[in-house]
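Chemist:
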Amino acid sequence: MTLLKRKEGSAARTGTSRLAGTFERLAATTATVDRRGFLIRAGLTAGAGLIARELPLNVIAPAAAAENVQTPAPGKTELKHTVCSHCSVGCSVDAIVQNGVWVRQETAFDSPINMGAHCAKGASVREHGHGEHRLRYPMKLVNGKYQRISWDQAIAEVGDRLLQIREQAGQDAVFWIGSSKHNNEQAYLLRKFVSMWGSNNTDHQARICHSTTVAGVAQTYGYGAMTNSFNDLHHSKAVLFIGSNPAEAHPISMLHFLHAKELGAKMIVVDPRFTRTARFAHHYVRIRPGTDIALVWGILWHIFENGWEDREYIAARTHGMDEVRKEVAKWTPEKVSEVTGVPEAAVRTAAEMLAKNRPSSVVWCMGVTQHHVGTANVRTLSILQLALGNIGIAGGGANIYRGHDNVQGATDVGPNPDSLPGYYGVAEAAWKHFAAVWGVDYEWLLSRFASKAMMEKPGTTVSRWFDGVLEKNEFVDQPSNLRAVVFWGHAPNSQTRLPDMKAAMQKLDMLVVIDPYPTMTAAMHGRKDGVYLLPATTQFETQGSCTASNRSIQWRERVIQPLFECKTDHEIMYLFAKKFGFANEMCKNIKVVNNEPVIEDILREINRSCWTIGYTGCSPERLKLHMHNKHTFNPTTLRAESGPCKGDYYGLPWPCWGTPEMKHPGTPILYDLSKPVAEGGLPFRANWGVAYKGDSLLAADGSATADSEIDTGYPEFDHVFLKRLGWWQELTPEEQAQAEGKNWKTDLSGGIIRVAIKHGCAPFGNARARCNVWNFPDPVPVHREPLMSPRRDLVQKYPTYDDKAAFWRLPTLYKSVQAVDFSKDYPLIMTSGRLVEYEGGGDETRSNPWLAELQQAMFVEISPQDALNIGVQSKEFVWVETPTGARLKVYAMVTPRVPQGTVWMPYHFGGWWMGEDLREHYPEGAAPIVLGEAANTGWTYGYDVVTMMQETKVSLCRVVRT
Ligand code: SF4
1 MTLLKRKEGS AARTGTSRLA GTFERLAATT ATVDRRGFLI RAGLTAGAGL
51 IARELPLNVI APAAAAENVQ TPAPGKTELK HTVCSHCSVG CSVDAIVQNG
101 VWVRQETAFD SPINMGAHCA KGASVREHGH GEHRLRYPMK LVNGKYQRIS
151 WDQAIAEVGD RLLQIREQAG QDAVFWIGSS KHNNEQAYLL RKFVSMWGSN
201 NTDHQARICH STTVAGVAQT YGYGAMTNSF NDLHHSKAVL FIGSNPAEAH
251 PISMLHFLHA KELGAKMIVV DPRFTRTARF AHHYVRIRPG TDIALVWGIL
301 WHIFENGWED REYIAARTHG MDEVRKEVAK WTPEKVSEVT GVPEAAVRTA
351 AEMLAKNRPS SVVWCMGVTQ HHVGTANVRT LSILQLALGN IGIAGGGANI
401 YRGHDNVQGA TDVGPNPDSL PGYYGVAEAA WKHFAAVWGV DYEWLLSRFA
451 SKAMMEKPGT TVSRWFDGVL EKNEFVDQPS NLRAVVFWGH APNSQTRLPD
501 MKAAMQKLDM LVVIDPYPTM TAAMHGRKDG VYLLPATTQF ETQGSCTASN
551 RSIQWRERVI QPLFECKTDH EIMYLFAKKF GFANEMCKNI KVVNNEPVIE
601 DILREINRSC WTIGYTGCSP ERLKLHMHNK HTFNPTTLRA ESGPCKGDYY
651 GLPWPCWGTP EMKHPGTPIL YDLSKPVAEG GLPFRANWGV AYKGDSLLAA
701 DGSATADSEI DTGYPEFDHV FLKRLGWWQE LTPEEQAQAE GKNWKTDLSG
751 GIIRVAIKHG CAPFGNARAR CNVWNFPDPV PVHREPLMSP RRDLVQKYPT
801 YDDKAAFWRL PTLYKSVQAV DFSKDYPLIM TSGRLVEYEG GGDETRSNPW
851 LAELQQAMFV EISPQDALNI GVQSKEFVWV ETPTGARLKV YAMVTPRVPQ
901 GTVWMPYHFG GWWMGEDLRE HYPEGAAPIV LGEAANTGWT YGYDVVTMMQ
951 ETKVSLCRVV RT
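Be aware that the sequence shown starts at 1, since it is given in the UniProt record's numbering, and climbs by one per residue.
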């Protein structure tokens, strides 16, 4: 189906060069990527190769991208090591730079993560080095038109206005939306920047992709992250993919899974839509959207019924499984089938495949997380893996594939409204820890905030910032409504309820975009003035570390100097900090060169502060060494077998304990008792006390990491525990001076951690994983119907939560939304997902001519029967109308991939507004090549009851002819 044919953009092609050094071989064998080469390259991998074969070839139009051929001038040629910025798999890219121009890219055959493979997005990242559709200089909206201004004017005008708002309405009247595409250092610096501005009103993309994972997994096991690695799937005997479509969303990860499949691993895919991943499954389970808890409890029902659970593991390493058993007992096969729509036999088959092919792994993504019960969904899967004894072993694990390239790292150390870097929270002790690290007085830091209460109150979330503008002030749990918003590397169309967002944009005093691309923000606001666009560089125009989904931290080298008038994000932070008067405090430990805080110094500050998650051993020097010695790491174990990194795991997957001098190798598999802590082993974290209602929360006798001198459960280490054990004297006098009165998280010397690990112990204790999270709304997860459920009979039986008053500073509705039956007027279930060609809100990738050719128009997938009923065929425009009153003009794609009664849309499009093409509203030349309706223009209300995640995987709509 050729929908549109684009001729915009150009991609340079160069001749093969004679290159010196290690990449000469590559140069000889791998010519510059032209269109044909690009398509082949994009299909080089097992995963991506399959994807290339599965591409909807009928939407590929003839290429225009390769027509513009460049011939590089002879001169200095360099190889720069970098990492693809389009997803969290972390594929390396070798960039060839001639005379400062990025002329070619290679696929990094020596990376243990991608082993010479890229998907279409990774194969075309060089387009960032051309920047045809980028912002080129600062701009301001004047009478509805963007006008060029200087950086000096931009910093002065934006800074003055923000200071004025701060003066009039307080620090919390500004909302700072950070980025999951910032590197770790920029993400960390932004959290520090906002802290010194005096607010917790900051957030980023993780809120709306995996905040429920972080909360659910952390509260069950101890850390909110993927437990194993993509590579470790080689060891799996069965894998359950649920709400995850890696063939499109994480293509190169499939390289590793398909290796396991070749060795005999079973593959189960649970998804409402028959995805490209489902195409390869041994067992495909089509689920009704929003019923994951019922399904997982149904699987566990068979496991308990047949005695397939790992009783020894449960007894030694978990707490609360008996309460889970009681809830699971209610989910008989018949009941599961009634609620989920899955045949009884299919549920049993899934249970048997997982139980009888151990180690078995579970992979989940946003199909699980983006629900108003997202945290509970996550917890059911976390518990399932505990019941099977699959956590802490090779081939098992909760493998949670994150989205953006650094969403894991930005979550770990970046702009979160409820935490300082390293998940320290925002209580007084956390602020005192960071005041010490930053070298500033706690009282000064406190004076920057409106009050101590506001300093310790979690901020608003990115999913709801516009309600912080529009809501009546009496219902907003902060002194003033929001009056200015800074989008610092974030796409607005990744959030729901866009008409409400637009209304909020119009009400703001000022709207600022800092980004390499204008994003849909620049075009959708409908304002005449008060909008500024400030051009930031991409990650290829700076250097720094980024954390892949498996917790490996990789160092990107600067490929090219900033294009046009773009500045790095950390330089922009520094310029604003200067304007606001706290640049000296922000950079007390950080050297500044030409207004740019030195990235290595920022990472060293992270190393000195984030003890909680072991971001302390990963010095810039160690990370650079790994990047340059990728070839020495084993692609299955990720361990270096020779060379200068010998014994380390690739990218020092966190926690990488202690100081860099301790040379901890990183932790490839979380909670793995088979290794000493010093070699990457870990128990579950003692993060919720030592007992609950008389039950011990510490691990059973005999359950400890290899070589542990304490062969039973133990609490987290602090100065008192160390003294009781008689190990205090092993600290040096300098360490003792710093560690006195501290625990392993706040001891800036690292001595407590060093001594604990020396004795084979985990600094955070040795506990049981929690199946009962008593501090959550549902301590044991229970099924609750989606807010927009068409099953009104089940809404009565499985209702949602009561409305909440002040939740992340805003009132939040549950029952009052669910009470309205929209299904009569909007009879189709609506769900959404990802395409292989695009990423996130799509501004970068839709601006890339190579990718734009592959997906040229927004569409809705609709079943043949529904299409027949409506009287619509593929290639015809339809209106998708939702209960918000919004309507989206999109192409129909009639396909049995979706079942009757359900439609699916990709969420990467933007730049149309309910049928209107907004191209002329972008700055001249800066609109993406492909525009289309944003799925989220029509998306409805619904937020997770723990994290404020938006409910974007199940809603209602109707489809009508145009
Ligand atoms: Fe690898 Fe993801 Fe980039 Fe594709 S988008 S090349 S899978 S990092």
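We put the CB at the ideal spot given by N, CA and C, even for glycine.
Which complete beta strand (DSSP E) runs does the stretch 215-289 hold, if anything under 3 residues is left out?
Modeler: 238-242, 266-270 and 283-285
Chemist: Does the beta-carbon distance from THR340 to ARG288 come in below 8 Å?
Modeler: Yes, the Cβ-Cβ distance between THR340 and ARG288 is below 8 Å.
Chemist: When the Cα atoms are used, what is the spatial distance from ALA523 to LYS663?
Modeler: 50 Å
Chemist: Any contact of the stretch 79-90 with the stretch 545-563, i.e. 3+ C-beta pairs under 8 Å?
Modeler: yes
Chemist: May I ask you to report which of helix, strand or coil DSSP gives ALA436?
Modeler: helix
Chemist: Considering only residues of the same chain and omitting the five flanking positions on each side of PRO343, which have a CB-CB separation below 8 Å?
Modeler: Within the same chain, Cβ atoms closer than 8 Å to the Cβ of PRO343 are found at SER337, the five residues on either side in sequence being excluded.
Chemist: Could you tell me the distance, in whole angstroms, from the CA atom of ALA63 to the CA atom of ASP441?
Modeler: Note that ALA63 has pLDDT 36, beneath the 50 cutoff, so the model's placement of it is unreliable and no number is given.
Chemist: Could you tell me whether any non-hydrogen atom of ligand 1 is closer than 7 Å to the CB of HIS908?
Modeler: With a cut-off of 7 Å, the C-beta of HIS908 is classified as distant from ligand 1, since no heavy atom of the ligand falls inside that distance.
Chemist: Looking at ILE553 and ligand 1, is the gap between the Cβ and the nearest heavy atom below 7 Å?
Modeler: no
Chemist: Using only the alpha-carbon positions, how far apart do GLY658 and GLU881 sit?
Modeler: 55 Å
Chemist: Out of LYS693, THR705 and HIS282, point me to the one whose CA is closest to ARG685's CA.
Modeler: THR705
Chemist: Any chance the stretch 108-123 sits against the stretch 627-647, with 3 or more Cβ pairs inside 8 Å?
Modeler: yes
Chemist: Check VAL83 in the structure and name its three-state DSSP category.
Modeler: Strand.
Chemist: I need the DSSP call for VAL592, collapsed to helix, strand or coil.
Modeler: strand
Chemist: When DSSP labels each residue in this structure, what does THR568 get in the three-state scheme?
Modeler: coil
Chemist: Between VAL142 and the rest of its own chain, which residues show a CB-CB distance below 7 Å, the 5 nearest in sequence each way excluded?
Modeler: For VAL142, same chain residues with a beta-carbon under 7 Å away, outside a window of 5 residues either side, are ASP529 in chain order.
Chemist: With DSSP as the reference, label SER420 as helix, strand or coil.
Modeler: Residue identity check: residue 420 is Leu in the sequence provided, not Ser. Correct three-state label for LEU420: strand.
Chemist: Among TRP102, HIS86 and VAL93, whose alpha-carbon lies nearest the alpha-carbon of LYS76?
Modeler: TRP102
Chemist: Along the chain, where does the beta strand (DSSP E) that runs through TYR532 open and close?
Modeler: 531-535
Chemist: Kindly provide the chain-ordered list of residues whose Cβ lies closer than 5 Å to any non-hydrogen atom of ligand 1.
Modeler: Going along the chain, the residues that qualify are CYS84, HIS86, CYS87, VAL89, CYS91, HIS118, CYS119, LYS121, GLY122, PRO251 and ILE252.
Chemist: Under a three-way DSSP split, which group does TYR313 fall into?
Modeler: helix
Chemist: If I follow the unbroken alpha helix (DSSP H) through LEU190, where does it start and stop?
Modeler: LEU190 -> alpha helix (DSSP H) spans 184-197.
Chemist: So, at 7 Å on beta carbons, what are the nonlocal neighbours of GLN539 in its own chain, with the 5 sequence-adjacent residues on each side left out?
Modeler: SER85, LYS181, ASN183 and ARG556
Chemist: Looking at the structure shown, is ASP405 part of a helix, part of a strand, or coil, going by DSSP?
Modeler: coil
Chemist: How is the beta strand (DSSP E) around SER180 delimited, first residue to last?
Modeler: Counting along the chain, SER180 falls outside any beta strand (DSSP E), and DSSP gives it neither H nor E.
Chemist: Tell me which same chain residues have a C-beta within less than 6 Å of the C-beta of LEU386, skipping the five on either side of it?
Modeler: THR318 and ALA769.
Chemist: Can you tell me which of TYR907, LYS335 and SER244 puts its alpha carbon nearest to the alpha carbon of ILE400?
Modeler: SER244
Chemist: What residues in its chain sit with their C-beta under 7 Å from that of VAL836, if we drop five residues either side in the sequence?
Modeler: ILE51, CYS119, ALA120, GLU248 and PRO251
Chemist: With ARG639 as the anchor, note down where its alpha helix (DSSP H) starts and where it stops.
Modeler: It is not in any alpha helix (DSSP H) - ARG639 carries neither H nor E in the DSSP assignment.
Chemist: Specify the secondary structure class of LYS889 as computed by DSSP and reduced to three states.
Modeler: In the three-state reduction of the DSSP assignment, LYS889 falls in the strand class, which pools E and B.
Chemist: Along the beta strand (DSSP E) that carries VAL880, what are the first and last residues, could you check?
Modeler: 877-881
Chemist: With 16 other CB atoms within 10 Å as the buried threshold, where does LYS723 fall?
Modeler: Exposed.
Chemist: In angstroms with no decimal places, state the Cα-to-Cα distance between LEU162 and GLN408.
Modeler: About 30 Å.
Chemist: Below 8 Å on the Cβ atoms is my contact criterion, and I expect PRO635 with ARG551 to pass it. Report the Cβ-Cβ distance as a whole number of Å.
Modeler: Incorrect: roughly 17 Å between the Cβ atoms, too far for contact.
Chemist: Could you please give the first and the last residue of the uninterrupted beta strand (DSSP E) stretch that includes GLN478?
Modeler: Annotation: GLN478 is outside any beta strand (DSSP E) and is labelled neither H nor E by DSSP.
Chemist: Would you identify the three-state DSSP class for HIS319, choosing helix, strand or coil?
Modeler: Looking at HIS319 - three-state DSSP - the assignment turns out to be strand.
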